[in-house]
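A.B. asks: One structure coming up, written as structure tokens, with questions to follow.
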Amino acid sequence: METTSSESNGHNGHHRHMPEIGEYTAQVANEEIRAWFGAPGSWHGKALFVAGALLVAGIVAFVIRASSDGFDERGPWAYYAAGFAFLLTTVGSAPLVSVALRMSKAHWRRGLSRLSELFAISSIFMLIVYIPLPFMLPVVDDRPSLWINWHGHAPHIYDSMLLVTTVLCGLAILLIGARPDFAALKHETKGIRRWYYSIIGGNWKGTKKEWQRLRAAQGVLGGLYFMMLIFTQLIVSSDYALALIPGWKDSIYPAFYSLTGLQGALAVTLIAMFWVRRTGLQRYISLDQFWGLAKLLLATSLLWFYFWWSGFFVFWYGRSVAEVGVLEYMIKGAYLAPFLGAIAFSFFVPCFFFLIWNPIRKSIRGPAIAATIVMLGIMFSRVREYVAAFSIPKGMVGSTHIEGILGTNTPDAIDILLLLGILGGSAFFYLVALRIFPAVNIWEQREFTLLRKVRPYFKRYAVVLGKPD
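With our numbering as the guide, the letters of the sequence shown map in order to residues 579 to 1047.
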């Protein structure tokens, strides 16, 4: 059993009142979540219009860039590659939040698990963005890479396979978890919704054996997704950033990149929680979820500096010609501004101005603001790494060190539109997903009401949680 006092839920312990978590029954949860899903409000249409407009602008920019520069040179597509890498470490990693919290049996995850898993739909857009990038990646013959003694197009093939497998695994987690909800909703809808609800919900009856199979599938797919995501990030970051910059030999960078994926997953989930909560789901997306994720975001932000310093120290201490060239190019010289933005917004500002302070961390707005700042820091990191990598001249790829002084690849109007289109496209896919899937997992909320009791505890109330497994 687990006991949570009213203080731990963000309430004043000097007054006898019901904790926020105990103010609804299974029937109330079922009716309210379904009502929100049926009519989320005018905000959804407005947000969908803005995201769609950004997506259209990005498509226009893509056509202009492709027609004017083609795909032979990587430099013009540097910011496009950074946008893809940003998606991989944010929306592409977000389902991991639900997976990890489910594995750790964190009951407070129930209000956010579906919001986290819905980013699997945005990952489809990430795959679409990825399509042109393999055509710009040079073959691995006669240049340093992970693919020693493999055929020249190994990264083009296997990176693509890893990305597709990871996205499919995330979609499977989302669809399997939605089966009980869809089986109930198919009787209340018509047309195409009823058709795909019937396909996914199938003949779900809610028997004990079906629940056991669902939980087993969630466990297996969750473990597979975690493994595939980390491995995919390791390989993709090595092939599309690390291996393209002469002299950049950093065994810590792939792990650092995966860490930023965890950080980005927490940040983008917090932002989604904040905005969806404001539309009428305050009862189910409460302080507990924000407080819990804020603590994890603080941990990953502190680890960000530890991993970065561990990699930087080797280059700074060694000071070989190749190492000095990398430092001059990526930190001191051409990409100093993105580096300063990354270290400020990924570590310093969110940690020391927001997350280390208990009143801010234990709030709704504070973690959401910190998450937005972290997202900005991740974008600066991806610009520093991928724009720098794609801006290396073709003749220099495969050299032992950076030759001469390379300039900064500054973004033009087309680059800005490409980045905005990538952000708008991922938001557009997510908003569409909110009209297909209930934003809060209905069956998990119903289950939650059966596992908790609100009881008096001295001068306050406490929530007693049962843990059957």
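Using N, Cα and C, we set each Cβ at its ideal position, and we do this for glycine too. Computed from a predicted structure; not experimentally measured.
Can you tell me the Cα-Cα spacing of F1036 and I611, whole angstroms?
C.D. replies: 33 angstroms
A.B. asks: Could you tell me the boundaries of the alpha helix (DSSP H) in which R771 lies?
C.D. replies: Start and end: 769 to 779.
A.B. asks: Is it the case that the CB of P673 approaches a heavy atom of the ligand MG more closely than 8 angstroms?
C.D. replies: The ligand MG is not part of this structure, which contains no ligands at all.
A.B. asks: In the DSSP output, which residue or residues are listed as bridge partners for R1030?
C.D. replies: L1043
A.B. asks: Check whether the Cβ atoms of L995 and A617 lie closer than 9 angstroms to each other.
C.D. replies: In this structure, A617 does not lie closer than 9 angstroms to L995 by Cβ.
A.B. asks: Report all residues from its chain with a CB closer than 7 angstroms to the CB of I830; omit the five preceding and five following residues, and keep chain order.
C.D. replies: Here the set comprises F885, S888, G889.
A.B. asks: Quick check on the burial criterion: 16 or more other C-beta atoms within 10 angstroms. Buried or exposed for S959?
C.D. replies: buried
A.B. asks: Indicate the three-state DSSP secondary structure (helix, strand or coil) for R680 in the structure shown.
C.D. replies: helix
A.B. asks: Return the residue from the list L997, E1025, I1014, G1044 that minimises the CA-CA distance to A629.
C.D. replies: Check the Cα spacing between A629 and each of L997, E1025, I1014, G1044: the tightest is with L997.
A.B. asks: So what does DSSP say about Y831, is it helix, strand or coil?
C.D. replies: helix
A.B. asks: My output table needs one value for Y708: the three-state DSSP class, helix, strand or coil.
C.D. replies: Y708 carries a helical assignment under DSSP once its states are collapsed to helix, strand and coil.
A.B. asks: Near V927, which residues of its chain fall below 6 angstroms by C-beta distance, leaving aside the five closest residues on each side in sequence?
C.D. replies: I951
A.B. asks: Could you check whether the stretch 778 to 790 touches the stretch 718 to 733, counting it as contact only if at least three pairs of C-beta atoms, one from each stretch, sit closer than 8 angstroms?
C.D. replies: no
A.B. asks: Within its chain, find whatever has a CB closer than 6 angstroms to the CB of D817; leave out the 5 residues flanking it on each side and keep chain order.
C.D. replies: P733, D737
A.B. asks: Counting only the same chain and skipping the five closest in sequence on each side, list residues whose C-beta sits under 6 angstroms from that of A811.
C.D. replies: With the sequence shown as reference, residue 811 is identified as Gln, and Ala is not the correct amino acid for it. Cβ neighbours of Q811 beyond the five flanking positions: Y835, S836, G839.
A.B. asks: Grab the span of the alpha helix (DSSP H) containing M739 for me, first residue to last.
C.D. replies: 732 to 763
A.B. asks: Rounded to a whole number of angstroms, what is the C-alpha to C-alpha distance between F868 and L753?
C.D. replies: Distance between the alpha carbons of F868 and L753 is about 25 angstroms.
A.B. asks: Taking Q1023 as the reference, give the member of L626, W686, I642, V961 with the closest Cα.
C.D. replies: W686
A.B. asks: Taking C-beta to C-beta, are A912 and A845 nearer than 9 angstroms?
C.D. replies: No; because the gap between Cβ atoms is not below 9 angstroms, this pair is not in contact.
A.B. asks: So, for E901: in the same chain, excluding its five sequence neighbours on each side, which residues have a beta-carbon less than 6 angstroms away from its beta-carbon?
C.D. replies: F893, listed in sequence order.
A.B. asks: Between the alpha carbons of G999 and K1045, how many angstroms are there, rounded?
C.D. replies: 44 angstroms
A.B. asks: Applying the 10 Å Cβ sphere with the 16-neighbour rule, what's the burial state of I983?
C.D. replies: exposed
A.B. asks: Check the C-beta distance from I947 over to F925 and give it rounded, since I have them as a contact under 8 angstroms.
C.D. replies: At roughly 16 angstroms, the Cβ-Cβ gap does not stay under 8 angstroms, so I947 and F925 are not in contact.
A.B. asks: Below 8 angstroms on the Cβ atoms is my contact criterion, and I expect F615 with A1005 to pass it. Report the Cβ-Cβ distance as a whole number of Å.
C.D. replies: The C-beta distance from F615 to A1005 rounds to 19 angstroms, too long to fall under 8 angstroms, and the pair is not in contact.
A.B. asks: Within the same chain, show all residues whose beta-carbon is closer than 6 angstroms to that of P989, passing over the 5 residues directly before and after it, in chain order.
C.D. replies: Y657
A.B. asks: Please name the residue or residues paired with R1038 in a DSSP beta bridge.
C.D. replies: Y1035
A.B. asks: What number of angstroms, rounded off, separates the C-alpha of V961 from the C-alpha of G797?
C.D. replies: 35 angstroms
A.B. asks: Where does R652 sit, in a helix, a strand or coil, going by DSSP?
C.D. replies: coil
A.B. asks: Got a sec, what are the start and stop residues for the alpha helix (DSSP H) V798 sits in?
C.D. replies: 786 to 818
A.B. asks: State the CB to CB distance for the pair G870 and R680, rounded to an integer number of angstroms; the pair is presumed to be in contact (CB under 8 angstroms).
C.D. replies: Beta-carbon to beta-carbon, G870 and R680 are separated by about 13 angstroms, too far to satisfy the 8 angstroms threshold.
A.B. asks: How big is the Cα-Cα spacing for I699 and A762?
C.D. replies: 22 angstroms
A.B. asks: What is the rounded straight-line gap between the Cα of L746 and the Cα of Y895?
C.D. replies: 43 angstroms
A.B. asks: What three-state label does DSSP hand W869 in the structure shown?
C.D. replies: helix
A.B. asks: Cα separation between A949 and L875?
C.D. replies: 8 angstroms
A.B. asks: What separation, rounded to the nearest whole angstrom, lies between the Cα atoms of T878 and F809?
C.D. replies: 18 angstroms
A.B. asks: Within this structure, are the beta carbons of L848 and A872 separated by less than 9 angstroms?
C.D. replies: yes
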